[in-house]
Amino acid sequence: MESQVLQAVKELLYEVREMRGEIESLKQEMKSFKQEMRAEMESFKQEMRAEMESFKQEMRAEMESFKQEMRAEMESFKQEIREEVKELHVRIGKLETKVDKLHDKFELHAQKQWQTEADVYRLKKLIGIE
370 MESQVLQAVK
380 ELLYEVREMR
390 GEIESLKQEM
400 KSFKQEMRAE
410 MESFKQEMRA
420 EMESFKQEMR
430 AEMESFKQEM
440 RAEMESFKQE
450 IREEVKELHV
460 RIGKLETKVD
470 KLHDKFELHA
480 QKQWQTEADV
490 YRLKKLIGIE
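Residue numbers (our numbering): 370 to 499.
Structure representation (structure tokens):
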């Protein structure tokens with residue numbers, strides 16, 4: 370009986386050693402798995418950083434392109450306004466010339482004597498009042 374108990378204890382010890390070996394093996398696998406996961410996570414972080422940097426560069430380039438377009442549009446708009454202002458100055462100059470001529474005519478005709486209704490009518494027609 371004693372030998373059977375001893376045999377059973379030996380078998381249990383053997384099984385415990387096998388289990389410990391399996392546990393150690395599982396621990397190693399877990400350790401290896403953790404290292405793989407850490408490496409993958411680090412690789413993923415690097416990829417994300419690179420992608421973000423690339424995206425930032427694209428956005429900067431896009432913004433610079435947009436700025437250039439806006440500057441060109443603004444310059445074009447300024448040029449159009451300058452041309453309009455020049456045109457308005459020309460028109461104002463022409464109007465001032467007309468006003469001066471009209472004033473000169475009025476002065477000239479003011480020196481004459483207007484006696485009849487027909488004279489007054491001709492004067493009004495001359496200065497554009499009808």
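We treat Cβ as the ideally placed atom computed from N, Cα and C, and that holds for glycine.
query                                                                                               : result
May I have the straight-line CA-CA distance separating VAL489 from LYS447, to the nearest angstrom? : 49 Å
Thinking C-beta only, is LEU471 closer than 8 Å to ILE498?                                          : no
Just the C-alpha distance for ALA419 and MET439, rounded to the nearest angstrom, thanks.           : 30 Å
Could you give the residue range of the alpha helix (DSSP H) that holds ILE498?                     : Element bounds for ILE498: n/a, residue is neither H nor E.
Would DSSP call THR485 helix, strand or coil?                                                       : coil
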